[in-house]
Amino acid sequence: MWPVVGIGVFLCLAVLVVVAIKFGPDLLGDGEEPTATPTSTATKAPTETPSPETPTELPPTETPTPAFDAQIGITLFTDTVRIGSPLTVTITITNTGGIPLSNLHYQLVGEWAPYLELTADEVVEHEGDIPPGTFDGATFVLRAAQEGEATLQAYVLMDVHTDPPSTESLLSEEIATITIITQ
31 MWPVVGIGVF LCLAVLVVVA IKFGPDLLGD GEEPTATPTS TATKAPTETP
81 SPETPTELPP TETPTPAFDA QIGITLFTDT VRIGSPLTVT ITITNTGGIP
131 LSNLHYQLVG EWAPYLELTA DEVVEHEGDI PPGTFDGATF VLRAAQEGEA
181 TLQAYVLMDV HTDPPSTESL LSEEIATITI ITQ
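Residue 213, in my numbering, is where the sequence shown stops; the numbers in between run on with no holes.
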């Protein structure tokens, strides 16, 4: 029992020594006597301290303006197609920014004529809003027309709900390559 009490007393003394070394100079001061400050005959205005019930007014914090940011991609369901066969290509856009997008115009660009032909319109339009954190897409169906190799990229033109409103466009970094073969 006494060895346990002795260890406890030793630990308490060790903690006191560490506290005295760390905080002692701050608690005792630097050893100098404070000097008297000269008094003035002018009267000072009383300083007001806010009462605990009165909240202090904090400076307004600036709310960051949401930024435009989006990621686009292109997906092929195959990278080899026979002449006369269809090829389905999908363009997707993900709104990764903090601003809604709208009036999207999807288009395929690249070196694909005369190897591929569109079976519908060159531009697919979506007029609705794409809120932040959501995605949208458009599908194109092409027909393989001539033997060779074609490249496609996704291009999207859109309205961005900034102040003032703006129009932005994105081109996919990915370039899809399609090989067209004979039957």
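All residues carry an ideal CB built from backbone N, CA and C; glycine is no exception.
Report yes if the CB atom of Val186 is closer than 9 Å to the CB atom of Ala97, and no otherwise. The answer is no: Cβ separation not under 9 Å.
Under three-state DSSP, which class holds Pro116? Here Pro116 carries a strand assignment [DSSP, helix/strand/coil].
What are the partner residues of Ala206, as DSSP defines its beta bridges? Answer is Leu182.
How would you label Ile211, buried or exposed, when you count the other beta carbons within 10 angstroms and need 16 or more for buried? That one is exposed.
Based on the DSSP secondary-structure assignment, which residues constitute the bridge partners of Gln137? Answer is Val153 and Tyr185, bridged to Gln137.
Thr164 and Asn125 look like a contact to me (Cβ under 8 Å); what is the Cβ gap, rounded to whole Å? Between Asn125 and Thr164 the Cβ distance is about 6 Å, and since that is below 8 Å, they are a contact.
Please state whether DSSP places Glu147 in a helix, a strand or coil. In this structure, DSSP gives Glu147 an extended state, which the three-state scheme calls strand.
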